[in-house]
Amino acid sequence: MGIGLWIGCLVAALWIRRHPDTDLPVLVARYSRLAGWCFVAVAISGVLAALLRVPRVSDLASSYGLLLGVKVAAFGLLGALGWWQRTRVVGRLAEEADQSSARTLFTRLAALEVAFMALAAGAGTALSRTPPPGIETADEPTPTEALLGHSMPPELGFAQWFTEWRIDSFWAPIAVAAALVYVAGVRRLSRRGDRWSRGRMIAWLVGCLGLLWATSGPPGAYGDVLFSMHMIQHMTVATAVPTFFVLGAPVTLALRAVVRRVDGSRGPREWLLLIVHSWPLRILGHPIVAGILFVVGMIAFYYSSLFEQSLRGHTMHLLMTAHFLLTGYLFANVVCGVDPGPRRPIYPLRVLLIMVVFGFHALFAVALMGATELLAGAWFTALDRPWGPSPADDQYVGASLGWVLGEYPLVILAVAVVWAWVRDDHREAKRLDRQADRDNGQELARYNEFLQGLGRSSTNEGHDR
């Protein structure tokens, strides 16, 4: 996905530069910035794939390791080319008086970048068609390995909670990139002399770490063979991670860190504002809609064929993770978010909404604990797992864990809402005290007279009756 976006941006830049009114230095600077992020995404995914396919240093001496070296060298040249473009070519384009020479310089640079992209893509194709070390002599996969697409993990013990990882090539780069981008935004504010809450930064990084652990750590490694581990993964992604993400206030940080464009075009900041104030987000961010999506989505997923489909197919599993991450974020943002967006209800209604969702979630967990039907029974029985509890016992354990792990983030949300409520009341009381000091209490006196007038009116009406 990263290299596809990269190539698409380059093609678009080559097309736009043909327009006679194109500001070439601005175009190249914006393309180069986006290409840099694409390069980081592709590099991270490549490193993670290498960690999966080349687990030992000695494997680098194989044909697969040599092709991996070619790909790494090609991407290194691309990175150096991008850096050279940012530091030299953009400046030369800005100083170049002859537009024809500037366009020729950019065209040559783009052609060289396309050549290196082709080299990296060719190495990647050869890499994908070359069996990793050890595959040449591997036996035929067992029925369980054919179902899972990998070998059965070892029995889950204490050590496996720390050592058994299976890197998710989609969510792991997203978690790492989200942490890096957030820290880069905080550093930009710091260089500018602005301050950002350390607690919010810690909350965001905890959310990124939770997403990485849930998708690539033990819950991800055992989630397709143990219902209990799948439930841990689900509850972490749906409740804990979104809560910490919302407490990190990423939209507010982005709006403060990203520069507003003055040329009338839409940059990242303008697109972000357009999205957070769009009508689809106003609908999805409505308290009732967000609560329904959070609760009903969970019930519909587990009591339908979607659960088993997510176990059998990686694409459905990605969609499941994205759905629960998004709905969890929408709900958490409604009750304790500080970012701009849809209007949030008053604090008492927020607490009520948390209590309602709390009750529905507990009811779902209790119903699942008492269920006699095995969810995705065909899948778990076909695995023929040689260790651990039976599928029925594991489902009971998973339902219990889902109850506990789904409730503590709701408690965090409730504490955050009550804390914000008390803080806002304290801030409002200080504001009224300052107002009273400025006007010698005249506004307060007028308010007391208004209340006394209401009292006299009600008394007179009582006498008239």
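Take any residue in the sequence shown, count from 1 to its spot, add 553: that is its number in our numbering. Quick reminder that beta carbons are idealized off the backbone N, C-alpha and C, glycines included. Keep in mind that this is a model prediction, so the values were computed, not measured.
In the structure shown, Arg897 adopts coil according to DSSP, grouped into three states. Note on Arg903: 16 or more other CB atoms within 10 angstroms of its CB, so buried under the neighbour-count rule. Taking 4 residues as the minimum length, the alpha helix (DSSP H) runs contained wholly in the segment 827–884 are 832–837, 840–855, 859–865, in order along the chain. In this structure, the CA atom of Leu883 is about 31 Å from the CA atom of Phe715. Ranked by how close their Cα comes to the Cα of Val799, the residues Ala664, Gly894, Pro833 have Gly894 in first place. By the Cβ test, the segment 755–770 is in contact with the segment 705–722, since at least three Cβ pairs between them sit closer than 8 Å. Shown here, Arg583 sits in a helix according to DSSP, grouped into three states.
Note that the C-beta distance between Tyr949 and Met922 is below 7 Å. Restricted to the segment 738–781, the alpha helix (DSSP H) segments that are unbroken, complete and at least 4 residues in length are 751–769, 771–775, listed in chain order. With a cutoff of 7 Å on beta-carbon distance, Thr796 and Leu954 are scored as not near each other. Secondary structure at Arg661: helix, using DSSP grouped into helix, strand and coil. Remark: C-beta atoms of Trp972 and Tyr900 do not approach each other more closely than 7 Å.
Classified as buried, Leu963 has 16 or more neighbouring CB atoms from the shown chains inside 10 Å of its CB.
Rounded to the nearest angstrom, the gap between the Cα atoms of Met873 and Phe854 is 8 Å. With distances taken between CA atoms, Leu864 lies nearest to Ala699 out of Ala699, Ala725, Leu634, Gly881. Straight through space, the alpha carbons of Arg661 and Val759 are spaced by roughly 44 Å.
Per DSSP, Glu698 is one residue of the alpha helix (DSSP H) stretching across 696–701.
Look at Ala732 here: in three-state DSSP terms it is helix. Secondary structure note for Trp718: it is in no alpha helix (DSSP H), with a DSSP letter that is neither H nor E. With distances taken between CA atoms, Phe933 lies nearest to Ser781 out of Val729, Trp749, Arg976, Ser781. In the displayed model, Ala924 falls within coil according to three-state DSSP, outside both helix and strand.
A straight-line Cα-Cα distance of about 19 Å links Cys591 and Ala807.
In terms of CA proximity to Pro707, Pro771 leads the group Gly746, Ala924, Pro771.
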